[in-house]
Amino acid sequence: MNKASIFAAWNVLVMLATAGLAVYIPLDIIVPEAVNQFSLLYWAINLIFFADIPICYWATNEDSAGNDGINSNALIGHRRWLLTDIVAAVPIEVLTGNPYLRLLRLVKLLKIRNFMRFYLKREVKYNYPLTILFFIYWVALCSHWLSAGWLAMIGLQSELSFASNYIRSLYWVVTTLTSVGYGDIVPTTDGEYLYSMFVQIIGIGVLGYIVGNVAGFLTRKDPATVKYGENMDRLSALVRYRGLPKELQDKINFYYTYQWKKRSGYDEAKFLKGLPDNLSREVSLHLKNEVLEKIFLFQDASQEFIDEIALHLSPVVLTPNDVLFREGDDGDAMYFVLSGELVAVDKHQEKEFATFSDGDFFGEMALFKKEPRSATMISKTYSDLYKLDKKIFDRIMEHYPRVAKKIVAKAMARDKEHRNTAQR
Ligand code: CMP
107 MNKASIFAAW
117 NVLVMLATAG
127 LAVYIPLDII
137 VPEAVNQFSL
147 LYWAINLIFF
157 ADIPICYWAT
167 NEDSAGNDGI
177 NSNALIGHRR
187 WLLTDIVAAV
197 PIEVLTGNPY
207 LRLLRLVKLL
217 KIRNFMRFYL
227 KREVKYNYPL
237 TILFFIYWVA
247 LCSHWLSAGW
257 LAMIGLQSEL
267 SFASNYIRSL
277 YWVVTTLTSV
287 GYGDIVPTTD
297 GEYLYSMFVQ
307 IIGIGVLGYI
317 VGNVAGFLTR
327 KDPATVKYGE
337 NMDRLSALVR
347 YRGLPKELQD
357 KINFYYTYQW
367 KKRSGYDEAK
377 FLKGLPDNLS
387 REVSLHLKNE
397 VLEKIFLFQD
407 ASQEFIDEIA
417 LHLSPVVLTP
427 NDVLFREGDD
437 GDAMYFVLSG
447 ELVAVDKHQE
457 KEFATFSDGD
467 FFGEMALFKK
477 EPRSATMISK
487 TYSDLYKLDK
497 KIFDRIMEHY
507 PRVAKKIVAK
517 AMARDKEHRN
527 TAQR
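For the numbering used here, count along the sequence shown from 1 and bump the result up by 106.
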């Protein structure tokens, strides 16, 4: 566990402790006799608050630039929270004899809010669950405070236990906040009516927040699905305005569905273009590393070569029976097969030269020999390929002799076999 994760775990503990205090203090002010058995917990939390001061200091004092360049510690436990930490920790009610001053300890909630904001921005992957978790935290605390307020207004029913009183009060808050209002518990005095209106208005705010944010999060789609929807809309517009044969419509439809299933529908290349060169190189390498390992040509290539090539491979998807290129075409690229099956045939599609599947490469002969394509390439299944442009191919031949040697050997052997098959 590194320093940042220890500090994050500590902050979660502080968050829970603060919630405990935010629950306890209002009840202790309203009905001290009902909660006095928890006073030990109150002082334990106080100790946590005291410990929080040196811990925040420890987390933020050294390496203020941080290894990751962001320095999470400095942002959350920044010294600007020092005053807040001190106010929350000092037992001011003991010093002054005024029990209401305990409420000042709840300033710690401001720091908690900052902690949550920071993690929402930082933990991109867990953004949705965190948003919901934090939302529950605040709604639970608000409901508790409103329940405590309602209890203070109507007073305790002596024939019921404190727990039953509290549950009834919480029930009233929840039904009022959610605008359900069964009417089984109703205000009787002017003060209670005013308080009810206040809770109803807060309820509108909470519902508005749920509709605007939480519901939005829950229904938000991933980029591949959004792209799939856009593509399908475009297809149906094209069919409507220009008319397309059913067969072609199905082909396009299958193509997009395949892309969506493979989660490759959104444009990775566009995203990478938005990053500075070195970062784009790193991300690209990370994304392609797994697939590059599958390609036999790259298996014992140098890291320098892998780094370079990762940047220049662009994805190509083919549907069954797609023709990638034809015999006699100019060769502008070579291809690597990630998955699928392709077949090289003569231009009349009578002779079959070779088939290619996962990990193979082809299309190198035209580039190496600077001649037109020796065969027509047809995809038999859905195929995922990586394309390497001629310009980069030429660079590789010049700068990476070990890989170049392998390509040349393969191209010559294939060329020989090709001639034999062609003559038959
Ligand atoms: P190119 O000529 O650029 O385009 C067709 C490709 O099919 C060719 O490069 C080779 O990569 C591949 N190819 C052609 N003939 C054969 C063969 N007999 N065996 C293996 N691969 C071949």
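Positions of the beta carbon are idealized from the N, C-alpha and C atoms, including for glycine. Remember, predicted model here, so these are calculated numbers, not experimental data.
Residue i: CB within 7 Å of a non-hydrogen atom of ligand 1
i           : result
residue 503 : no
residue 530 : no
Residues sharing a beta bridge with residue i, DSSP
i           : result
residue 490 : 423, 445
residue 470 : Per DSSP, none; premise fails for residue 470.
residue 484 : 429, 449
residue 440 : 494
residue 458 : 451
Option in the options with minimal Cα separation from residue i
i           : options            : result
residue 153 : 124, 525, 328, 374 : 124
residue 357 : 297, 428, 251, 379 : 428
residue 448 : 435, 426, 456      : 426
residue 328 : 366, 320, 244, 513 : 366
residue 471 : 506, 453, 435, 445 : 435
residue 337 : 347, 227, 352, 361 : 361
residue 513 : 308, 402, 326, 424 : 402
residue 112 : 191, 166, 343, 524 : 166
residue 459 : 465, 484, 444, 498 : 484
residue 455 : 208, 431, 108, 320 : 431
residue 156 : 122, 192, 453      : 192
residue 433 : 409, 482, 398      : 482
residue 507 : 325, 404, 141      : 404
residue 141 : 244, 525, 121, 267 : 267
residue 446 : 368, 231, 285, 419 : 368
residue 247 : 509, 234, 280, 162 : 280
residue 151 : 138, 204, 208, 163 : 208
residue 295 : 411, 310, 259      : 259
heavy atom of ligand 2 below 7 Å from residue i C-beta
i           : result
residue 463 : Ligand 2 is not part of this structure, which contains only ligand 1.
Rounded Cβ spacing between residue i and residue j (contact assumed at less than 8 Å)
i           : j           : result
residue 422 : residue 493 : 5 Å
residue 527 : residue 457 : 6 Å
residue 283 : residue 136 : Not really, about 19 Å apart at Cβ, beyond 8 Å.
residue 221 : residue 117 : 5 Å
residue 67  : residue 439 : Here the chain has residues from 107 to 530 only, and residue 67 is not among them.
residue 252 : residue 305 : 6 Å
residue 491 : residue 424 : 7 Å
residue 486 : residue 444 : Residue 486 to residue 444, Cβ: 15 Å. No contact.
residue 127 : residue 219 : Rounded, the Cβ-Cβ distance is 15 Å, inconsistent with contact.
residue 341 : residue 359 : 7 Å
residue 394 : residue 416 : 5 Å
residue 237 : residue 332 : Actually they do not touch by this definition, with Cβ atoms about 19 Å apart.
| request: Taking 5 Å as the limit, tell me which residues put their C-beta closer than that to any heavy atom of ligand 1, in chain order. | output: With 5 Å as the limit between CB and the heavy atoms of ligand 1, the residues that fall short of it are 437, 450, 459, 460, 468, 469, 471, 472, 479, 480, 481, 520, 523, 524.
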